[in-house]
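Here the structure comes first, spelled out in structure tokens, and everything after it is commentary.
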Amino acid sequence: MARLPESIDKYRVESLIASGGMGQVYKAEHPTLKRPVIIKKLSLGSTATLTERFRREARILMDFRNDHIVDVHDHFVKGRSNYIVMEFVDGISVKDLLETQRYIDNASAAYIALYTARALSYAHGKSVIHRDIKPGNILISRDGDIKLADFGIASSRESSDETLTSEGMTLGTPSYMAPEQFRNSREVDYRADLYSLGVMLYEMLTGRKPYGGGFSPELIQQIQKGKYPRPRKLNPAISRPLERIIRKLIRPNERRRVKDARQLEKRLERFLRQYYPDQIRNRLAAFVQGRDLPHLTVRKQQPGIIRTIGIAGGVLVLGGGISLALLTNMHNRVLFPSNYGQVRFVLENADTAGERSGSELYPESSIFQDDDEQIPRLPQRIIYRENDTGGGKSFSSLPLVLPKGRYRLKTTVNGQVIWKSFYLPPWNNRKEELRIFSAPLAPAPRPVRVETIARNALTGRNLDGLARFTLVRGGRELPLDDARLLSGDVRHFRVNAPGYLSQDFVLRLDVAQDRLTLAADLIPVPSQLSIELRGEGAYRIRINGSSRISTIDDGAVVKSDIVPESREEYAVLPGRYLLEASGADSEGNSWEEALSLELESGADIRVEIDTESGRIRLLR
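Next comes the structure, spelled out in structure tokens:
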């Protein structure tokens, strides 16, 4: 066995991580940063292509500075060997995660996809196409951070592709490659990366790739046709919005995919609004560390939340000439988003701390740096203002910008002291402020009286005689009449009605809250209409006399264009539909056909249109 070198160049070697025919990977210590790094050594006998991949990755990443892309610190040649010094990510890859978990929950998969999309948005902004997005190249740290790695076959406007690809050459990992990447890897654009990310999202949610098997003509044909099992048929727990995102990402025609990585970010951010980002991050950290997985809380969006104060063209000035931007360090968040985060402190139910009122209930807070040693108090002032909630007295602080890291918050209200520890991530990680909630001890719980209202979300029809409200406890549904409810706890309610999607309310009843109104707008169970095309003829499709169809998207009725390529699925309202198709076969002969459909709630109907013969066939 070869002896472990004490150092490589200026880096002190700590251990050998991996060794193979192409080289070695070492863990070492950076001499000035005093933090672990990875040193990759390329063996002397490596091919010219491997050497170029090695140097290409160094050239591209040396210019990158992004929290979601693995940093490259150095590249050098020593003797006749090439070396890259990279950021050490203490964690696992998404591939490792899927090997142990098979598939993961909606929130975790969407979170990984979101931060991969943010990394791609940065890379694409610098005219770099990764070309090898797959689970093995996405890393998860022990803190739950997501990092994109391995730009060895990336294309860049600044770097020639000639040593890696020739005209018509294929480069990438076949199961994750877009159809156009098989034709010519040199000419692909950012949409190929988005396609690969869609395949990875499919795999994270189902435990399998959309197109199975090894590299073969059959695999390429499947990918080019875009025919794959629906994700929800493999895993019914997959969220419909995520299934729609997958469908838009892995369309075989690149012109019909998600517009760009930023648009994908927005879609994923919209889906993740129902969760607390810190909880998802902690869940991913638990995956990596092998801990029990923490529960994810679904939050209700409240219109009354105070919005973050922004800086636009100037600085807001408080009374006495104090600049709000300087008071809260807002400028650091704008100038150094990778190093600073934004936090706001909220004290709820302050009046439950005692019987006093008025100014005596005003909270006082101090913030401390959690360094595991001295825990020094920071000089920043935490300024609260009372919220106009109409219920219990609560306070919110002005937003405060601090360096990323661990902190402790001490809050005093009416003689009670509340300590809270938290981690503040950089602004680049969240794109939103962190909110830290505290509350004093509450009085004894009270019996809760519940009133229920149910309506059809689309028509407003009253469903009170049809809907059934239950309390979910221990996996069982109990009628509300049989459940003794007390305030001061988290409760899980469910609303069911025949022909409608069930709706869940997971909410906390504060101790002082003894009346609860549950108003549920229920969405009819949509019918799934799948239109499949065969043949190469020209065609036109209309439903109920229109080229657009009303579909259900996130609980809202929207108009969607009817433009299937090989197969398209629509979630539509139950009812009667007249499907009309017309066109011409490959010899120019025109045809016209119609089919009447009666779609019941929850039905799954497949219709096949042969664009050569003009036949419309109901498959099921």
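One point on numbering: in full-length UniProt numbering, the residue at position 256 of the sequence shown is 256, and numbering is uninterrupted. We put the beta carbon where it would ideally sit given N, CA and C, even for glycine. Being a predicted model, the structure only gives us computed values, none of them experimental.
- Given a length threshold of 4 residues, each whole run of the alpha helix (DSSP H) inside the segment 169-208 is given here in chain order: 179-183 and 190-206.
- Residue environment analysis places S196 among the buried positions, since at least 16 neighbouring C-beta atoms fall within 10 angstroms of its C-beta.
- When secondary structure is reduced to three states using DSSP, V288 falls in the helix class.
- Nearest in C-alpha terms to V607, of all of R567, D105 and P294, is R567.
- The C-beta separation of V188 from A154 comes to about 11 angstroms, leaving the pair out of contact by the 8 angstroms criterion.
- In terms of Cβ geometry, Y407 and F368 form a close pair [threshold 9 angstroms].
- L293 is a Cβ neighbour of R283, given a cutoff of 9 angstroms.
- Along the length of the segment 50-109, whole alpha helix (DSSP H) runs at least 4 residues long occupy 94-101, reported in chain order.
- From the listed residues A571, A497, K233 and D561, the smallest Cα separation to Q528 is found for A571.
- Here Y11 has A28, E29, H30, P31, V37, I39 and V85 as same chain residues with Cβ atoms under 7 angstroms from its own Cβ, once five neighbours each way along the sequence are excluded.
- For S586, the closest of R617, D9 and R534 by C-alpha to C-alpha distance is R534.
- Between the segment 485-499 and the segment 445-453 there are three or more C-beta pairs closer than 8 angstroms, enough to call the two in contact.
- Counted as a single uninterrupted DSSP element, the beta strand (DSSP E) harbouring I140 occupies residues I138 to S141.
- Taking C-beta atoms under 8 angstroms as the contact rule, R344 and R435 qualify, at a distance of about 5 angstroms.
- For Y423, the secondary structure class from DSSP, reduced to helix, strand or coil, is strand.
- Taking the C-beta atoms as reference points, V258 is found no nearer than 9 angstroms to I92.
- With respect to S502, R540 sits apart: the two C-beta atoms are not nearer than 9 angstroms.
- Remark: C-beta atoms of A149 and V70 approach each other more closely than 9 angstroms.
- Its chain contains V450, E451, T452, I453, F469, F493, V495 and F505 as the residues whose beta carbon lies nearer than 8 angstroms to that of L518, once the 5 sequence neighbours on both sides are disregarded; these appear in chain order.
- By the C-beta density criterion, A109 is buried, having at least 16 other C-beta atoms within 10 angstroms.
- Going by DSSP, L578 is part of no alpha helix (DSSP H) but of the beta strand (DSSP E) stretching over G575 to A584.
- Looking only at D145, Y103 and L33, the smallest Cα-Cα distance to D74 is reached by L33.
- For V334, no beta strand (DSSP E) segment is defined; the enclosing uninterrupted segment is the alpha helix (DSSP H) at M330 to L335.
- T517 has E451 as its beta-bridge partners, per DSSP.
- Nearest C-alpha to Q416 among S438, L424, K233 and E432: S438.
- At least 9 angstroms separates the beta-carbon of W427 from that of S546.
- Within the DSSP bridge table, the entry for N462 names R455 as partners.
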